[in-house]
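Protein chains: 2
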Amino acid sequence: MALEGTQLIGQQAIRGSQSPIAAVNPATGKTLEPSWPGGTREDVDKACRLAWEAFDRYRETGLEERARFLETCADEIEAIGDELIERAVAESGLAEGRITGERGRTCNQLRLFARVVRDGEWLDVRVDPALPDRSPMPRADHRQRHVALGPVAVFGASNFPLAFSVAGGDTASALAAGCPVVAKAHPAHPGTSELVGRAIQRAVGKCGLPEGVFSLLYDSGFEVGQALVSDARIKAVGFTGSRKGGHALWQIAQQRDEPIPFYAEMSSINPVFALPKALEGQGEDLGRAFINSLNLGAGQFCTNPGLLIAEKGPALDRFVQTAAEALRDTSAQTMLTPGIHEAYGQSMSRLAGNSKVREIARGPQGSGPHTCQPALFQTTAQDFLADRSLQEEVFGATSLVIECNDTTEMQQVAEQLEGQLTASLQMEEADYDQARRLLPILERKAGRILANGWPTGVEVCDAMVHGGPYPSTSDSRTTSVGTAAIYRFLRPVCYQNIPDALQPEATREANPLGLNRLVDGKREG
Amino acid sequence: MALEGTQLIGQQAIRGSQSPIAAVNPATGKTLEPSWPGGTREDVDKACRLAWEAFDRYRETGLEERARFLETCADEIEAIGDELIERAVAESGLAEGRITGERGRTCNQLRLFARVVRDGEWLDVRVDPALPDRSPMPRADHRQRHVALGPVAVFGASNFPLAFSVAGGDTASALAAGCPVVAKAHPAHPGTSELVGRAIQRAVGKCGLPEGVFSLLYDSGFEVGQALVSDARIKAVGFTGSRKGGHALWQIAQQRDEPIPFYAEMSSINPVFALPKALEGQGEDLGRAFINSLNLGAGQFCTNPGLLIAEKGPALDRFVQTAAEALRDTSAQTMLTPGIHEAYGQSMSRLAGNSKVREIARGPQGSGPHTCQPALFQTTAQDFLADRSLQEEVFGATSLVIECNDTTEMQQVAEQLEGQLTASLQMEEADYDQARRLLPILERKAGRILANGWPTGVEVCDAMVHGGPYPSTSDSRTTSVGTAAIYRFLRPVCYQNIPDALQPEATREANPLGLNRLVDGKREG
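Chains as they are written, first to last, in our numbering: chain A, 1 to 525; chain B, 1 to 525.
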């Protein structure tokens with residue numbers, strides 16, 4: 001299939017008219033063909049109009065019909081075959097194995113949401129039957145279900161060109177909720193975006209859904225994205241990217257005539273607390289595992305371990321020494337884009353230039369044009385507590401070891417952290433008392449707390465929380481990965497004394513969908 | 001019990017130092033004793049500090065302990081006895097029967113949340129056990145529960161001095177979620193607030209909870225409220241009031257270093273669609289019932305029916321005539337405050353002065369100083385569609401009849417409505433086809449859709465939605481009444497590979513709390 005360099009608006013391919021976007025292969029520095037002229041406000045208007053026209057029909061698709069659509073999206077993405085893998089590798093610099101795995105994750109995620117749609121728990125149906133004889137006042141019949149918010153704008157991330165992009169978690173959960181999606185392609189992987197966008201477009205056609213269920217726009221600058229968030233027909237936004245970009249769009253979402261929910265995943269440094277006994281008993285293994293996690297995907301994970309906190313002493317010294325050796329043994333990997341590579345160099349230099357920070361080791365520089373040189377730095381808890389700039393995310397394979405004098409300092413560091421996606425504990429049973437003191441703090445700081453593992457790697461499951469207090473995300477009440485992500489795009493509606501013939505299927509007396517419902521305060525079925 | 005004119009900060013009574021607030025009995029115009037000097041930023045700081053200190057302990061209270069606390073709050077409010085009723089009647093101008101009913105509702109609500117806490121469904125526990133043999137990658141153990149957001153600021157409403165005030169739905173649901181509450185007393189009912197505040201303060205003491213679980217502040221102007229929303233230790237806000245007041249505080253909540261969820265219920269005109277057959281068959285009954293709902297509590301309900309939409313013709317004429325007669329027969333009721341009475345007069349005059357609007361009838365003027373003269377106006381659908389100012393809420397017993405030429409116009413009116421708390425349909429079976437065309441529109445516009453009833457009266461139950469799209473509330477994904485209100489104050493946390501000994505009780509393998517959990521995608525227990 002030849003890439004056409006076009007936007008996808010409903011079932012049409014529409015060429016943009018603004019300055020063209022082309023991908024650069026970061027491993028070679030070479031510009032890739034073709035290019036995508038950016039869209040206009042008129043394109044945004046058309047995509048939003050189609051999405052709005054599709055909304056009332058799409059949000060009332062039956063559970064089976066909607067689930068089949070999500071499965072068809074997965075089938076169509078798989079059907080692209082090697083071309084998708086090759087293009088995504090070329091556009092991202094990520095290894096083929098990683099991209100193949102990410103495609104599996106993306107398709108599994110769509111199929112998992114198909115299961116979620118069929119189960120229908122997301123409808124959260126509640127039935128409080130009429131109590132005509134209640135005194136002093138009879139009770140009317142009340143039934144609640146959840147309905148889709150409306151068309152959703154999705155801004156994909158650079159670092160997961162499949163799993164957090166055009167058909168990633170935001171799109172999958174919005175479509176599962178019954179919301180049409182207008183996606184904006186990330187400029188770093190326009191070809192991958194077109195391939196995946198066409199797969200969804202085909203799935204819409206094959207399933208006989210209204211064409212506005214999905215559109216894909218390209219943006220030469222910021223105009224398309226801003227117009228999209230401003231459009232009155234867009235009712236929620238999913239965004240993964242930088243804090244700066246997230247804030248700019250969030251502000252637009254809040255200042256519209258009708259403010260809308262804005263779900264941004266923005267930045268996180270994912271502190272890892274290595275507790276004394278674990279450090280003593282497994283310091284060297286931990287040192288190697290730490291560097292392995294740090295350097296995964298050239299450190300370009302939102303869950304990259306950017307801070308390691310431990311008590312000073314010989315155990316920490318051994319850990320640091322092993323980590324330094326492991327770091328020097330890594331192979332430098334290509335970063336996602338020339339811009340990200342440049343920003344990484346600047347952030348790392350800033351850290352290296354901080355007089356309170358000392359360099360432990362650097363990895364190899366690498367020979368490609370945009371390789372990430374991993375680096376490890378160290379500072380003391382007191383210096384860390386005194387300088388909030390040390391909490392700024394370095395996007396890439398750099399981490400900072402915080403040396404604490406004692407347990408109390410470790411807790412102080414935890415208490416001063418900004419909101420995070422994850423917080424990790426390396427511990428043995430003899431560390432549990434200290435863990436018990438840290439856990440209540442970490443629960444306030446992070447969406448996911450993990451033990452004896454590393455934060456990179458986010459399981460797509462019911463219990464996952466990929467979210468967390470600000471600034472890691474804009475809304476700590478939600479997750480962007482896992483089945484609970486669907487709740488971001490729903491709102492409750494109560495039906496009072498509506499005749500059964502007019503009730504939605506979900507709330508009908510006979511429970512024709514066989515849902516797990518809360519009836520008069522008790523679980524039914 | 002003598003009112004002391006003090007704030008309640010933790011277990012202390014602390015006198016403010018700013019200009020004093022005194023209630024006016026709107027029925028007599030007389031100022032009531034005592035007065036409450038307003039609080040300072042230091043008072044806000046102290047209340048927030050105590051709330052923060054209480055948070056980690058309070059959010060981990062056992063389900064039974066927390067439920068008992070909510071029940072004790074209810075017991076203590078009831079134990080105040082007649083003094084509470086008398087004071088609330090004097091401060092609000094509302095009838096004794098209404099206030100007695102509202103006290104019952106307030107206490108029942110606290111007890112309902114005690115049931116909710118015990119059930120534990122709000123923890124939404126999800127367990128995805130480890131799959132060590134999964135290929136290509138093993139799965140770690142993941143468990144999710146919900147935790148409290150943090151201390152919550154509550155701004156009560158003038159129109160429900162008990163049920164939407166110091167111990168109203170926001171406070172009850174925040175306390176149920178495990179959040180300490182710092183309430184700001186509404187200046188219209190400072191004495192009622194102190195009485196109820198002292199009841200909660202006593203309940204905190206009796207239950208041996210940390211004192212910061214509850215504080216009550218008074219505000220001479222806006223400084224205390226603004227400082228409260230700005231305070232870094234406040235993690236969410238519940239507000240019921242005007243659109244202007246809501247927006248001012250919402251902006252503060254968004255512009256903090258850490259933006260926080262802001263739940264405001266602001267304004268709604270609660271359209272009622274009287275469909276042709278119902279109007280033909282029951283026009284006169286509907287006319288009387290309409291006026292009854294309109295004049296309830298002098299029209300000062302957030303769910304007051306401020307719009308009635310119907311097709312023109314003899315049936316509508318009869319309906320209007322009956323309504324006009326019923327309106328003239330009403331007795332004028334006292335409004336909540338001199339300020340609300342004055343604003344009502346201005347809003348009504350603005351409507352009366354609109355050249356496209358014609359007056360149908362006015363009720364009696366009443367003899368008290370602040371009585372509400374009910375009024376009914378009429379306009380055409382075309383004029384309504386052309387003038388958005390006709391959608392502005394008139395807080396009081398005024399409504400506007402919209403005369404439509406046909407079904408299509410009725411749908412156009414529905415489509416142009418702003419977000420609402422409620423939308424109602426008066427219909428018979430022969431109207432179902434038309435109802436089917438309206439329902440998808442109304443689902444996008446309102447949080448609650450009711451048939452053959454009137455929107456005033458909000459049942460406190462599992463299925464209730466007292467919420468709706470902007471501008472009726474700031475967050476259509478939520479409800480401020482009913483058990484689902486608890487979800488506003490919670491966020492999910494995922495525990496990955498955390499040893500069972502360190503898991504919260506809710507997520508432990510043995511399920512010691514006997515919760516309804518989602519285990520490996522299936523419901524347990």
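All C-beta atoms in this analysis are idealised placements derived from N, C-alpha and C, irrespective of residue type, glycine included.
Since this is a predicted model, take the numbers as computed values, not measurements.
For a quick check, are the C-beta atoms of residue i and residue j less than 7 Å apart?
i: Gly468 of chain A; j: Thr478 of chain A; result: no
i: Thr380 of chain A; j: Ala27 of chain A; result: no
i: Asp170 of chain B; j: Asp128 of chain A; result: no
i: Asp219 of chain B; j: Gly225 of chain B; result: yes
i: Lys244 of chain A; j: Ile260 of chain A; result: no
i: Leu217 of chain B; j: Asp43 of chain B; result: yes
i: Gly453 of chain B; j: Asn497 of chain A; result: yes
i: Asp520 of chain A; j: Arg508 of chain A; result: no
i: Thr371 of chain B; j: Ala332 of chain B; result: yes
i: Ala51 of chain B; j: Pro138 of chain B; result: no
i: Leu518 of chain A; j: Arg41 of chain A; result: no
i: Ser474 of chain B; j: Ala264 of chain B; result: yes
Which residues mark the beginning and the end of the beta strand (DSSP E) in which residue i is found?
i: Val127 of chain B; result: Arg126 to Asp128
i: Glu505 of chain A; result: Careful: Glu505 of chain A lies outside any beta strand (DSSP E) and carries neither H nor E.
i: Leu308 of chain B; result: Leu307 to Glu311
i: Gly238 of chain B; result: Ala236 to Thr240
i: Leu537 of chain B; result: Because chain B spans 1 through 525 in this model, residue 537 of chain B falls outside it and cannot be assessed.
i: Arg139 of chain B; result: Here Arg139 of chain B belongs to no beta strand (DSSP E), and DSSP marks it neither H nor E.
i: Thr380 of chain A; result: Ala375 to Thr380
i: Ala183 of chain B; result: Val181 to Lys184
i: Phe155 of chain B; result: Val152 to Phe155
Could you tell me which residues DSSP pairs with residue i in its beta bridges?
i: Arg488 of chain A; result: None; Arg488 of chain A has no bridge partner.
i: Ile449 of chain B; result: A:Tyr495 and B:Ala423
i: Trp36 of chain B; result: B:Ile21
i: Gln7 of chain A; result: A:Ile14
i: Pro271 of chain A; result: A:Leu307
i: Gln255 of chain A; result: The partner list for Gln255 of chain A (beta bridge, DSSP) is empty, contrary to what the question assumes.
i: Glu359 of chain A; result: A:Phe377
i: Arg145 of chain A; result: A:Val493
i: Thr549 of chain A; result: Because chain A in this structure spans residues 1 to 525, residue 549 of chain A falls outside the shown range and cannot be described.
Among the candidates the options, whose CA atom is the shortest distance from the CA of residue i?
i: Val357 of chain A; options: A:Thr371, A:Pro369 and A:Gln391; result: A:Gln391
i: Ser347 of chain B; options: B:Ala375, B:Leu385, B:Ala361 and B:Ala324; result: B:Ala375
i: Val413 of chain A; options: A:Pro499, A:Leu308, A:Pro364 and A:Val89; result: A:Leu308
i: Phe155 of chain A; options: A:Ala174, A:Met137 and A:Ser349; result: A:Ala174
i: Glu393 of chain A; options: A:Leu351, A:Val465, A:Ile269 and A:Gly287; result: A:Ile269
i: Leu438 of chain B; options: B:Pro364, B:Val229, B:Glu53 and B:Glu409; result: B:Glu409
i: Pro276 of chain A; options: A:Leu316, A:Glu102 and A:Ala90; result: A:Leu316
i: Thr192 of chain A; options: A:Cys207, A:Ala157, A:Ala177 and A:Gly366; result: A:Ala157
i: Arg103 of chain B; options: B:Ser474, B:Ala199 and B:Gln12; result: B:Ala199
i: Ile85 of chain A; options: A:Val458, A:Ala74, A:Gly97 and A:Phe55; result: A:Gly97
i: Thr240 of chain A; options: A:Ala397, A:Met266, A:His247 and A:Asp75; result: A:Met266
i: Ile449 of chain A; options: B:Val237, B:Val24 and B:Ala140; result: B:Ala140
i: Ser349 of chain B; options: B:Phe395, B:Leu327 and B:Gly366; result: B:Phe395
i: Pro314 of chain B; options: B:Thr337, B:Arg328 and B:Gly281; result: B:Gly281
Which stretch, first to last residue, makes up the alpha helix (DSSP H) that contains residue i?
i: Glu342 of chain A; result: Pro338 to Ala352
i: Val196 of chain A; result: Pro190 to Lys206
i: Lys277 of chain B; result: Pro276 to Asn295
i: Phe397 of chain A; result: Here residue 397 of chain A turns out to be Ala, not Phe, going by the sequence shown. Element bounds for Ala397 of chain A: n/a, residue is neither H nor E.
i: Phe262 of chain A; result: Segment Phe262 to Glu265 is the beta strand (DSSP E) holding Phe262 of chain A; no alpha helix (DSSP H) there.
i: Leu518 of chain B; result: Premise fails: Leu518 of chain B lies in the beta strand (DSSP E), Arg517 to Val519, not in any alpha helix (DSSP H).
i: Arg41 of chain B; result: Arg41 to Arg59
_Counting beta carbon pairs with one atom in the stretch 138 to 152 of chain A and one in the stretch 480 to 495 of chain A, are three or more of them shorter than 8 Å?_
The stretch 480 to 495 of chain A vs the stretch 138 to 152 of chain A: in contact.
*Can we say the stretch 481 to 488 of chain B touches the stretch 162 to 177 of chain A, given the rule of at least three CB pairs closer than 8 Å?*
No: the two stretches stay apart, fewer than three of their Cβ pairs being nearer than 8 Å.
*Is the stretch 360 to 367 of chain A touching the stretch 320 to 330 of chain A, taking contact as three or more C-beta pairs under 8 Å?*
A contact is defined here as three or more CB-CB pairs under 8 Å, and the stretch 360 to 367 of chain A meets this definition with respect to the stretch 320 to 330 of chain A.
*Touch test, the stretch 113 to 121 of chain A against the stretch 56 to 65 of chain A, Cβ-Cβ under 8 Å, three pairs minimum*: Yes, they touch.
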